[in-house]
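When we follow the UniProt record's numbering, the leftmost residue of the sequence shown carries the number 1, and every step to the right adds one.
Where a beta carbon is used, it is the ideal one built from N, C-alpha and C, also for glycine.
Given the structure is predicted, the values throughout are model-derived calculations rather than measurements.
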Amino acid sequence: MSNITQASILNSQDNDVNEEHNIEDQNSNLSYESSLIPVKSNKKNDDTDNSSTHFIQTNDASQGKYIENVTNDSTQQNNDNAVLLKYKEACSVGDLKTVQELIESGIIEINHDYDNIDGISGLHLASVNNRLSVVKYLVTKKADVNYKCLNTLSTPLHWAARYGYVYIVDYLLKVGGADSTLVDSQGFNLLHLSVHSSNIMLVYYVLFFLVDPEYNHNHDLGKLDINAVDNNGRTALLWAAYQGDRLSVDALLKFNASTQIVDDQGFSPLHWATAKGQIKIINILIEYGSDVALQTNEGKNIMIIAEEMNTTIQLQQALYESGFDGNCLPLKKYFSKPKGAKMVVFITPTILVGCVFKAFSMMNFFLSLCVFVIPLLLITMKLLKSYVLPSFYLKKTFRKKKNSDQIIGYYSFQSMVLKTPFMLGVAGAIIFWILYCHLFKIIPYLNKKEGLLSHFLTSFQFLLFTITSTVLLIKLVYSDPGIIPYDEVNHEQSRQAIAELMKCGKYDSKNFSLETCIRKPLRCKYSGFHKKLIARFDHYCPWVYNDLGLFNHKLFIFFVISALLTGLSFYRVCMIYFDNLPDVEEELCRKHRIILLGDDDEFCNGFIHDKFTFNILVWILLNCIWVSILLFTQFMEQLKGTTTYEFIELKREMKRQEDNATNSYVNVFFETAPEELFKPSGNGEDEEDDTGLLPDIEQNGTSTNVLTTTMNASTRKLCFGPCLALIGLDQCIALLKRRRSHLLLPTNYGWKTNLKDFWLTTNLSAPIFQRIFSLHSSPPQMALLNGQIVDYFELYELPRHLDEYEV
């Protein structure tokens with residue numbers, strides 16, 4: 001009968017240890033294999049953010065039940081009191097009318113609305129079920145907000161905090177005057193219980209308004225010590241580490257939670273994180289000064305705990321990413337500064353490309369591939385991984401050898417290529433070798449045969465495009481993608497953001513940045529590369545080793561166009577060069593027709609007389625193919641008014657909607673706003689959300705909040721889906737595909753308006769030519785959206801659509 005099942009909206013991937021969330025009584029001798037530690041298992045621990053909200057049990061007989069059973073268990077003992085049952089049920093389901101009738105008629109006494117067995121009040125039930133309207137009514141009727149139920153000595157504030165109901169907690173504190181310093185029978189205060197809920201939004205709320213010593217008004221709400229311990233000596237950080245809740249761990253450490261405090265067993269947060277096998281949490285704790293050599297009361301360090309809990313692989317990986325080897329000793333680095341190591345990685349592709357194509361030009365392709373190229377690549381990668389990458393990039397994957405307990409670590413090719421300057425080095429290698437071929441092979445030969453001025457215009461055109469591409473590439477590498485500034489120490493800015501979002505019912509991770517603790521503007525994303533929010537984020541590009549956003553997106557398009565023109569002009573120069581080479585016998589050309597894909601005389605001449613330049617040209621032409629696809633994809637996104645990141649998020653949201661339709665709902669954004677906030681008029685109609693990036697979709701005349709299956713259907717059935725995704729064709733197909741249902745992109749204002757928004761600056765008085773070729777407006781965060789000038793640093797609502805455009 002109870003409606004407490006709403007608490008499941010914050011459940012996460014931590015189901016495999018949910019049964020073991022039992023805490024021994026403080027007077028018992030808590031052994032290492034106690035119920036607080038996950039049962040040993042051979043199951044691999046995933047390095048995910050386990051934000052479990054399951055209620056923490058205890059071994060106290062009065063605490064051995066979930067809160068879900070409170071209403072039924074307690075009320076079954078009071079079957080003779082049907083009125084009290086009706087009242088409790090009304091408080092649980094949010095039936096304000098019934099609650100008002102029972103209170104105002106005097107049938108239920110406001111300060112004795114509970115039985116004498118469990119002492120659970122109506123305010124407890126309304127709080128734990130997120131019934132804000134009932135909570136407001138009971139508080140206005142002078143209900144005791146600090147009343148403790150008999151079994152757990154928990155207040156309504158505690159019950160709301162256990163399930164992460166931020167709006168209830170906020171109202172009880174600021175309006176109801178609840179005492180935030182009270183603890184329950186286990187010594188849990190408001191901060192402990194907020195961490196137990198794993199709702200990071202509530203954790204941040206408590207930290208900013210109740211823990212932060214700089215907040216002048218927190219004495220009015222009650223001041224909490226971030227290092228306060230419960231009956232077993234456990235701080236909020238210890239609990240967050242045990243739960244595998246990386247977000248809460250990170251938040252607590254930002255407010256200087258101690259990593260050195262241990263519980264009654266001598267376990268530190270690092271010990272609990274090791275027991276859980278949480279790589280990211282171990283990294284964060286070590287970064288904030290956790291002692292890797294600390295031992296528990298039983299003399300166990302993290303290595304022993306990892307062995308007993310079968311998390312050795314995760315610990316080894318976490319230690320390596322933190323700069324330690326398997327024995328907790330600092331890694332040896334061969335470069336004192338990361339910049340030197342990055343420069344080596346950047347230069348390596350240029351040397352490799354020259355050696356590889358030289359080998360191909362000197363011997364048979366397959367022979368050179370097996371004898372020289374593959375060994376060279378393997379040796380180079382081995383040297384980079386062993387001596388260069390550890391100086392700046394520590395993202396290895398660890399696993400056990402087959403038929404052995406030995407743990408080995410390796411860099412995945414994908415991470416090595418995409419997360420280092422390697423691909424930037426490939427771009428540099430392209431520029432270097434085409435210039436080499438042009439300056440030291442093509443021009444000298446043509447000058448000797450026909451004179452320097454014979455093909456001056458073609459050569460000049462090639463050099464112009466090449467120099468332009470080089471300059472644009474350098475500018476892209478060092479460009480600001482659109483970093484949104486914020487003051488890390490200005491907590492008042494964060495408090496104002498929380499208050500504003502609470503007021504409009506949008507205090508969740510979609511609108512509040514968990515990394516920077518500021519209100520998140522629309523169309524932005526937190527960059528793992530820059531560790532900052534990027535305005536109108538498009539994507540991270542390994543070819544330029546930088547993010548692409550509002551400030552440098554247009555620059556990137558210019559670079560791609562210039563790179564494509566450079567490749568085509570190089571092809572033209574090479575064709576002139578090959579045409580002037582000595583003619584090859586037709587029989588010899590026919591012999592190599594399979595390799596040359598035809599009988600073209602120019603290709604045959606180049607292949608026979610200058611195989612190195614020929615190989616470079618083939619490589620350039622292959623690059624021109626995917627560059628053309630990239631340019632087409634970017635142009636299609638401009639037509640639709642979206643970015644690469646927004647398009648990917650649309651597909652992810654569609655997948656989430658489909659999963660939620662078939663499975664239990666997973667609240668990935670920590671949304672806990674009560675329904676009443678969206679029904680201000682009381683007519684039962686939800687208030688329209690005009691600021692979200694995922695608008696309702698009209699399908700067969702019915703308004704839904706689920707994206708149509710058009711996008712998935714367009715790529716799911718294709719056997720080459722991964723290949724298409726690699727080169728960006730999946731996005732083109734999805735954007736072009738049309739079905740009966742309509743997909744509405746919230747930032748699509750029609751192709752003409754979309755193109756103007758992207759290409760034109762906000763300087764309306766400037767000539768069109770100047771507005772197109774200016775990289776950004778002044779100030780740079782100002783840009784056009786639906787033809788209106790908006791500030792992308794403070795973009796919290798999208799301009800209204802005048803018409804709906806079908807995609």
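query                                                                                                                                                                           : result
Three or more C-beta pairs closer than 8 Å, one from the region 114-133 and one from the region 161-174: is that the case here?                                                 : yes
Three or more beta-carbon pairs under 8 Å between the region 558-578 and the region 518-529, yes or no?                                                                         : no
Is the region 488-506 touching the region 528-542 in the sense that three or more CB pairs, one from each, lie closer than 8 Å?                                                 : no
Output needed for Ile-608: all residues of its chain with C-beta closer than 7 Å, excluding positions within five of it in sequence on either side, in chain order.             : Val-584 and Leu-588
Rounded to whole angstroms, what is the Cα-Cα separation between Leu-439 and Leu-446?                                                                                           : 11 Å
What residues in its chain sit with their C-beta under 6 Å from that of residue 814, if we drop five residues either side in the sequence?                                      : Because the chain is modelled from 1 through 807, residue 814 falls outside the range shown and cannot be assessed.
Quick one: Cα of Ser-105 to Cα of Lys-640, how far?                                                                                                                             : 60 Å
Check this for me: beta carbons of Val-627 and Val-560, under 9 Å apart or not?                                                                                                 : yes
Are the region 650-658 and the region 768-775 in contact at 8 Å, needing three or more beta carbon pairs?                                                                       : no
Give the secondary structure of Lys-254 by DSSP, where H, G and I count as helix, E and B as strand, and everything else as coil.                                               : helix
Go ahead and pull the three-state DSSP assignment for Met-362.                                                                                                                  : helix
So, are the CB atoms of Lys-525 and Ala-673 less than 9 Å apart?                                                                                                                : no
What distance in whole Å lies between the Cβ atoms of Leu-191 and Val-206, which are believed to be in contact at a cut-off of 8 Å?                                             : 5 Å
Could you work out which residue in Glu-307, Met-309 and Leu-319 is closest to Ile-281 when comparing CA atoms only?                                                            : Leu-319
Nearest to Ser-258 by CA position, among Val-211, Gln-278 and Leu-237, is which residue?                                                                                        : Leu-237
Once the 5 residues before and after Cys-437 are set aside, which same chain residues still bring their CB inside 7 Å of it?                                                    : Thr-613 and Ile-616
Exposed or buried, what is Glu-450 when buried is set at 16 or more other beta-carbons lying within 10 Å of its beta-carbon?                                                    : exposed
Can you have a look at Phe-578 and say buried or exposed, based on whether 16 or more other CB atoms are within 10 angstroms of its CB?                                         : buried
Report all residues from its chain with a CB closer than 8 Å to the CB of Met-782; omit the five preceding and five following residues, and keep chain order.                   : Thr-762, Ile-789, Val-790, Asp-791 and Tyr-792
What residue from Lys-419, Trp-759, His-539 and Thr-470 has the CA that sits closest to Tyr-645's CA?                                                                           : His-539
Which residues in the same chain have their Cβ closer than 8 Å to the Cβ of Thr-348, if we skip the five residues on either side of it in sequence?                             : Thr-380, Leu-384, Phe-422 and Gly-425
Exposed or buried, which one is Asn-256 when buried takes at least 16 other CB atoms within 10 Å?                                                                               : exposed
Tell me whether the region 151-165 and the region 120-129 touch, counting them as touching only if at least three CB pairs, one residue from each stretch, are closer than 8 Å. : yes
So, with DSSP's three-state summary, where would you put Arg-656?                                                                                                               : helix
If you follow the alpha helix (DSSP H) that Val-229 is in, where does it begin and where does it stop?                                                                          : That residue, Val-229, is in no alpha helix (DSSP H); it is neither H nor E in DSSP.
Is Cys-370 buried or exposed, if buried means 16 or more other CB atoms sit within 10 Å of its CB?                                                                              : exposed
Quick one: using the 10 Å Cβ neighbour count with 16 as the cut-off for buried, is Arg-800 buried or exposed?                                                                   : exposed
I'd like the span of the beta strand (DSSP E) that includes Asn-763, first residue to last.                                                                                     : Unbroken run through Asn-763: none, as it is neither H nor E.
Taking just the CA atoms, how far does Tyr-387 sit from Lys-419?                                                                                                                : 17 Å
Can you name, in chain order, every residue of its own chain whose Cβ lies under 7 Å from the Cβ of Lys-296, other than the five neighbours on each side?                       : Rather than Lys, the amino acid found at residue 296 in this sequence is Thr. Around Thr-296: Gln-265, Gly-266, Phe-267 and His-271.
Of the residues Asn-146, Thr-311 and Val-262, which one's Cα is nearest the Cα of Asp-291?                                                                                      : Val-262
So, Ala-275 versus Met-309, is the Cβ gap smaller than 9 Å?                                                                                                                     : yes
Would you tell me roughly how many angstroms separate the C-alpha atoms of Glu-676 and Asn-623, rounded to the nearest one?                                                     : 56 Å
Kindly give me the distance between the Cβ atoms of Gly-277 and Thr-235, rounded to whole angstroms, as I take these residues to be in contact under 8 Å.                       : Not quite, the Cβ-Cβ distance comes to about 21 Å (not below 8 Å), so this is no contact.
Thinking Val-211 and Leu-224 are a contact (beta carbons under 8 Å), I'd like their distance in whole angstroms, please.                                                        : 5 Å
Just the C-alpha distance for Val-345 and Ile-620, rounded to the nearest angstrom, thanks.                                                                                     : 21 Å
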